[in-house]
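Reviewing the structure listed below.
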Amino acid sequence: MLSERPDDASLTRDMVGIGMNFAGDANPDAPIEETLVFATEVGMEDHDFRVLAVLTTWIDIHQKHINVDRLARCVDEHPSQRVLAYWAAVATWLKKDRRFARFAKLYEGPALDLMPVGTDFQIARRGEDARFEGSPLRVPAGTLRDRTADVLSPEALVRQHAGYRNRVRMGPSWRADVWTVLEHDPTLNAAEAARRAGCSFATAWRVVEDYRVLQGGEVRLG
């Protein structure tokens, strides 16, 4: 499911598309979970803390509309231990949302420092970021700016991103993702809808069947 990381310009369009307020045009069809994982890579591997800060704020605001099953598949396919550590830390932070509990097992090594140097000094001086305290990631307070203005609100994002809008309507599910694919191309058969949505044929078949009922058509196996 996780493809190669897009070039910087394309990834910026994707991040803007899912509601991160960076300069650039938005891709309104950006894949949400894949974009979250690639933004994590930029933040953790490239040490772009601005991207990581906006990503973390985005998760805080939009967590209930994340398809965690899809996200888990994407994260599991990423080779970076630092990326895995970030999502394990998210599991600690969002422990009240049991959907994220599975991420806690992704990284079982020693705690990692977010900053390449100076973490001990900064934590001694400013303390830890409360969101990640006690997690596998050591983040000095103030390193990751947390501003809601850096991220579109749910009310704004539903107007921009069809996939997000369908998740608000139906829940963060494969059904919502297949429905979005069909809205983009209503002629798709179940097999192609499953491929594009990244889900099982059986799941896509049920959604296509319901979609065709509403459209007054018939289901094709393909």
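What the sequence shown shows, in this note's numbering, is residues 32 to 253, in sequence order.
Just so it is clear, CB atoms sit at the ideal spot from N, CA and C, and this is done for glycine as well.
Measuring CB to CB, does residue i end up less than 7 Å from residue j?
| i | j | result |
| --- | --- | --- |
| Glu65 | Val114 | no |
| Ala119 | Leu175 | no |
| Val182 | Ile97 | no |
| Ala40 | Gly48 | no |
| Trp205 | Thr179 | no |
| Phe69 | Arg36 | yes |
| Ala103 | Arg133 | yes |
Using a 10 Å radius around the Cβ and a threshold of 16 neighbouring Cβ atoms, would you call residue i buried or exposed?
| i | result |
| --- | --- |
| Ala54 | exposed |
| Met51 | buried |
| Met292 | With the chain running from 32 to 253 in the structure shown, residue 292 is simply not present. |
| Val148 | exposed |
| Phe152 | exposed |
| His109 | buried |
| Arg129 | exposed |
| Val106 | buried |
| Arg44 | buried |
In the DSSP assignment, the alpha helix (DSSP H) including residue i goes from what residue to what residue?
| i | result |
| --- | --- |
| Glu76 | 63-76 |
| Asp39 | 39-48 |
| Ile92 | 80-93 |
| Leu245 | 232-246 |
Notebook entry, point to check: Are three or more beta carbon pairs between the region 165-181 and the region 192-207 nearer than 8 Å?
Noted result: no
Checklist line | At least three beta-carbon pairs within less than 8 Å, the region 179-189 to the region 208-217 | finding: no
Next item on the list: Would you check if there are 3 or more beta carbon pairs closer than 8 Å linking the region 129-139 to the region 101-115?
Entry: yes
Checklist line | Ordered list of alpha helix (DSSP H) runs contained in the region 102-174, each at least 4 residues | finding: 112-124, 150-157, all fully within the region 102-174.
Note to self: Please give me, in chain order, every unbroken run of the alpha helix (DSSP H) with length at least 4 that falls completely inside the region 169-221.
What the structure shows: 185-191, 193-201, 205-215
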